[in-house]
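The structure appears right after this line, and notes come after that.
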Amino acid sequence: MVSDKADPFSEKLRVPEALTFDDVLLRPKESRVEPDNADTATRVSTSVELTVPVLSAAMDTVTESELAIAMARRGGLGVLHRNMDVEEVVDEVERVKRADDLIIREVVTASPDQTVRAVDEMMDEEGVSGAPVVDEDGEVLGIISGTDIRPYLEVGDRDQVREAMTDEVITAPEDVDARDALELMYEHKIERVPIVDDGNRLTGLVTMQGILQRREYDTAARDAEGRLRARVAVGPFETERAVAVDEADTDVLFIDCAHAHNRNVIDSARELAAGVEADVVVGNVGTREAAQELVEFADGIKVGIGPGSICTTRVITGSGMPQITAVAQVADVASQHDIPVIADGGIRYSGDAIKAIAAGADAVMLGSYFAGTDEAPGRVVTMNGKRYKQYRGMGSVGAMQSGGGDRYLKEADEDDEIIPEGVEAATPYKGSVENELFQLVGGMRSGMGYVGAGTIPEFKRRAEFVRVSPAGQTEGHAHDVVITDEAPNYSPDS
Ligand code: XMP
27 MVSDKADPFS
37 EKLRVPEALT
47 FDDVLLRPKE
57 SRVEPDNADT
67 ATRVSTSVEL
77 TVPVLSAAMD
87 TVTESELAIA
97 MARRGGLGVL
107 HRNMDVEEVV
117 DEVERVKRAD
127 DLIIREVVTA
137 SPDQTVRAVD
147 EMMDEEGVSG
157 APVVDEDGEV
167 LGIISGTDIR
177 PYLEVGDRDQ
187 VREAMTDEVI
197 TAPEDVDARD
207 ALELMYEHKI
217 ERVPIVDDGN
227 RLTGLVTMQG
237 ILQRREYDTA
247 ARDAEGRLRA
257 RVAVGPFETE
267 RAVAVDEADT
277 DVLFIDCAHA
287 HNRNVIDSAR
297 ELAAGVEADV
307 VVGNVGTREA
317 AQELVEFADG
327 IKVGIGPGSI
337 CTTRVITGSG
347 MPQITAVAQV
357 ADVASQHDIP
367 VIADGGIRYS
377 GDAIKAIAAG
387 ADAVMLGSYF
397 AGTDEAPGRV
407 VTMNGKRYKQ
417 YRGMGSVGAM
427 QSGGGDRYLK
437 EADEDDEIIP
447 EGVEAATPYK
457 GSVENELFQL
467 VGGMRSGMGY
477 VGAGTIPEFK
487 RRAEFVRVSP
497 AGQTEGHAHD
507 VVITDEAPNY
517 SPDS
């Protein structure tokens, strides 16, 4: 008879330890790096660099073009979600790509025989302060602005635009650059220059405001043509979507699956990657063996099996990998092949984000952190006097019914019984993404200062962890006090 006393452990229970954010802290080191001087430039895929190592998640309550534009302008990146049909996502990519174009293509125009009153109302509605005046063939006849209109509003608001417009229009050809356009504006004391073809027909508009805005975002993530970079999530089996967004000049495709270490997913992702020009990031995985498979064809690897705030994968399936260990295992393999790693999910504070980088990630992806911002989809709701925005897992019932089921390798429509792996929730409303990103990146820079590393690659080399006990975790949070004023970067129940 086998005695339990001889060996209380079955082989099955000789298990490795896996750690997550709260289990570790960065060991402070001698430093000559001031946080403000720490350089956060990084790569998300083999050929795409960022000045800020932060991505917003490809979730239908987080990233559509508005957040993608805001993130790219500030040097980070938003990944457009895939709970929309192919035409919609192509539109969204184009919106991102066009957002900071020197030449505006969707120009609000006036016609010469509109009344001054009608044009005034139209400009008000469209939020513009001037408009080129064009005939039926699109030929530019003049330009009209608030200044031209004002005297007429007093005495002759039924007069026609042709009376009020400035008819000596300064135009420029298609190949005008920002410097030439600005020179024209200064020389002629004007704020907008219509762009015309050889037949003097309107093809676009350059505005002073647009040029100054581009200058303001000098660390923005831009492609070789100066357009904002666009990234899109596609399912592992969605060839049509992948090809369509690739043709729309998407810079990085994220082949997105809850368990990418699945033979069918890997085979299909490999084929998709070979058929597109964009870089291809594949995820999610959480082990060395999975990374070993992906380094053969992926331009980046995304890590995270169940760490997300809205994820229930671990409790529903009993499977998962605590995130710090997952990132470290994948990065061990990926770094040998010079493939960037993205840590996706579970990040609540800037400290978590920089710990993920210390474990070997090149960039981090966050959902809940950004879901409460103005730029995320959805409206603000008030509950018990506090403001919130909706935030739901892509594996929640609602998101799967809207088309996200294949991320979880399941088909789902309204009549199906669904096995969700996520919840539908609300997250505190946070205002503009600018402040959130500022706090996140600022905290990460401070972390680099504590380790004495001036760049992300140096930080990854120098950073060391210490293990933290539950008592150490309690010590690390605000304790034994009642918080009287909210900090912009800390809430005890994040
Ligand atoms: P955070 O913690 O930043 O996590 O809110 C965002 C990441 O969570 C993943 N995700 C899910 N995981 N069930 C899951 O198991 C879900 O329903 C779900 N939805 C999103 C995803 O990787 C995201 O970037």
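Under the working numbering, the first residue of the sequence shown carries the number 27, and numbering increases by one thereafter. Even glycine gets a Cβ: it sits at the ideal position worked out from N, Cα and C. Model, not experiment: these values are computed from the prediction.
Residue i: first and last residue of the uninterrupted beta strand (DSSP E) it sits in
i	result
Leu320	Element bounds for Leu320: not the beta strand (DSSP E) but the alpha helix (DSSP H), 314-320.
Pro177	Pro177 -> not in any beta strand (DSSP E); alpha helix (DSSP H) instead, spanning 172-181.
Ala64	Here Ala64 belongs to no beta strand (DSSP E), and DSSP marks it neither H nor E.
Arg418	412-418
Ile196	Segment: none, Ile196 is in no beta strand (DSSP E) and carries neither H nor E.
Gly156	156-160
Leu208	That residue, Leu208, is in no beta strand (DSSP E); its alpha helix (DSSP H) goes 204-214.
Val16	Here the chain comprises residues numbered 27 to 520, so residue 16 is not present and cannot be evaluated.
Val70	68-71
Any non-hydrogen atom of the ligand XMP closer than 7 Å to residue i Cβ
i	result
Gly469	no
Thr510	no
Met409	no
Ala284	yes
Leu320	no
Thr339	yes
Glu447	yes
Asp224	no
Leu601	Nothing about residue 601 can be read from this structure; the chain reaches only from 27 to 520.
Met347	no
Asn109	no
Ala83	yes
Ile383	no
Ser428	no
Ile368	no
Sequence-distant residues of the same chain with beta carbon closer than 7 Å to residue i, five excluded per side
i	result
Ile373	Ala379, Ala382, Val390, Leu392, Tyr395
Ser458	Thr399, Asp400
Host alpha helix (DSSP H) of residue i (start-end)
i	result
Asp224	Here Asp224 belongs to no alpha helix (DSSP H), and DSSP marks it neither H nor E.
Asp40	Note that residue 40 corresponds to Arg in the displayed sequence, not to Asp. Note, Arg40: premise wrong, no alpha helix (DSSP H); not H, not E.
Arg534	Since the displayed the chain opens at 27 and closes at 520, residue 534 lies outside it and no answer follows.
Val508	Premise fails: Val508 is in no alpha helix (DSSP H) and is neither H nor E.
Nonlocal neighbours in the same chain, by C-beta distance under 6 Å from residue i, ignoring five residues either side
i	result
Gly398	Lys415, Thr453, Pro454, Tyr455, Lys456
Asp355	Looking at the sequence itself, residue 355 is Gln, so the reference to Asp does not match. Thr313, Arg314, listed in sequence order.
His363	Val321
Asp223	Thr229
Arg143	Asp183
8 Å Cβ shell around residue i - same chain, five flanking residues per side excluded
i	result
His503	Pro518
Met409	Ala452
Asp358	Arg314, Ala317, Gly386
Short CB-CB distance (under 8 Å) between residue i and chain D
i	result
Leu103	Absent from the structure: chain D. Only one protein chain is present.
Suppose only complete runs of 4+ residues qualify. What are the alpha helix (DSSP H) ranges in the stretch 423-498, listed by chain order? Qualifying alpha helix (DSSP H) stretches, in chain order: 459-477, 482-488.
Quick check for students: name the residue ranges of the beta strand (DSSP E) that lie wholly in the stretch 77-127, counting only runs of 3 or more. Runs found: 80-82, 103-106.
With contact counted as at least three CB pairs below 8 Å, one residue from each stretch, are the stretch 301-317 and the stretch 148-156 in contact? Short answer: they don't touch.
What are the start and end residues of each continuous alpha helix (DSSP H) run of 4 or more residues lying completely inside the stretch 277-342, in chain order? For the stretch 277-342, the continuous alpha helix (DSSP H) assignments of 4+ residues that do not extend past its boundaries occur at 289-300, 314-320, in sequence order.
Does the contact criterion of 3 or more C-beta pairs under 8 Å hold for the stretch 470-477 versus the stretch 58-72? Short answer: they touch.
Curious, which full-length alpha helix (DSSP H) runs of at least 4 residues does the stretch 358-420 contain? Segments of the alpha helix (DSSP H) lying fully in the stretch 358-420: 376-384, 394-397.
Count the C-beta pairs between the stretch 253-270 and the stretch 190-203 that are closer than 8 Å, then say yes if the count reaches three, no if not. In short, these stretches do not touch, since the Cβ pair count stays below three.
Sufficient close CB pairs (3 or more, under 8 Å) joining the stretch 129-143 to the stretch 157-169: Touching, per the Cβ criterion.
Could you tell me whether the stretch 203-212 touches the stretch 231-239, using the rule of 3 or more Cβ pairs below 8 Å? Three or more Cβ pairs drawn from the stretch 203-212 and the stretch 231-239 lie within less than 8 Å of each other, which places the two stretches in contact.
Cβ contact (3+ pairs, closer than 8 Å) linking the stretch 179-190 and the stretch 113-120: Inter-segment contact for the stretch 179-190 and the stretch 113-120 is absent: fewer than three beta-carbon pairs are separated by less than 8 Å.
Across the stretch 91-107 and the stretch 477-485, are there enough close Cβ pairs to call them in contact, namely three or more that are closer than 8 Å? With the cut-off at 8 Å, the stretch 91-107 and the stretch 477-485 do not touch.
State whether the stretch 81-92 contacts the stretch 413-428, with contact taken as three or more CB pairs (one from each stretch) at a distance under 8 Å. Below 8 Å, enough C-beta pairs join the stretch 81-92 and the stretch 413-428 to call them touching: three or more.
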